[in-house]
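Counting from 388, one number per residue, gives the positions in the sequence shown under my numbering.
Built from N, CA and C at the ideal position, the CB exists for glycine as well.
A quick write-up on the structure given underneath.
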Amino acid sequence: MSVGQRIRTRRQALELTQQDLAEAIGLTPQHISAIEQGKRFPSLPALANLAEELGVTVDYLVTGKEGVITDTIPAIKADKTLNLEVKRA
Numbered sequence: 388m389s390v391g392q393r394i395r396t397r398r399q400a401l402e403l404t405q406q407d408l409a410e411a412i413g414l415t416p417q418h419i420s421a422i423e424q425g426k427r428f429p430s431l432p433a434l435a436n437l438a439e440e441l442g443v444t445v446d447y448l449v450t451g452k453e454g455v456i457t458d459t460i461p462a463i464k465a466d467k468t469l470n471l472e473v474k475r476a
């Protein structure tokens, strides 16, 4: 299952619409839709916001594994400059 599929599954389990989730974390419904469809990957701060709003860990959203320490979410959210970059050799 992909990140987007886990987000959609959890959102639906909580009976949230894409609009509800988007408003709660400051994204547009279109952005949520693109993430759920696998067309976009959320930034780390957005991923932290999604995890918090959906009541799961970032690790669960990314890997599907549960039971990971969640105290890193506030630190990720606080770091507005944090960005995931891929560097090639």
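Output the boundary residues of the alpha helix (DSSP H) element that contains residue i.
i	result
E440	431 to 441
E453	Where E453 is concerned, there is no enclosing alpha helix (DSSP H), given that its DSSP letter is neither H nor E.
E423	416 to 423
G391	390 to 400
L408	405 to 412
Confirm, please, whether the CB-CB distance from residue j to residue i is below 9 Å.
i	j	result
I422	P432	no
A411	E440	yes
Q424	P416	no
Counting only C-beta atoms, is residue i closer than 9 Å to chain D at any point?
i	result
S389	Among the chains of the structure shown, chain D does not appear; only one protein chain is present.
Rounded to the nearest angstrom, what separates residue i and residue j at their Cα positions?
i	j	result
A409	K452	24 Å
G442	K426	23 Å
V449	V390	5 Å
Y447	L434	11 Å
L403	M388	20 Å
A438	H418	16 Å
Buried or exposed: residue i, going by 16 or more other Cβ atoms within 10 Å of its Cβ?
i	result
T396	exposed
T444	buried
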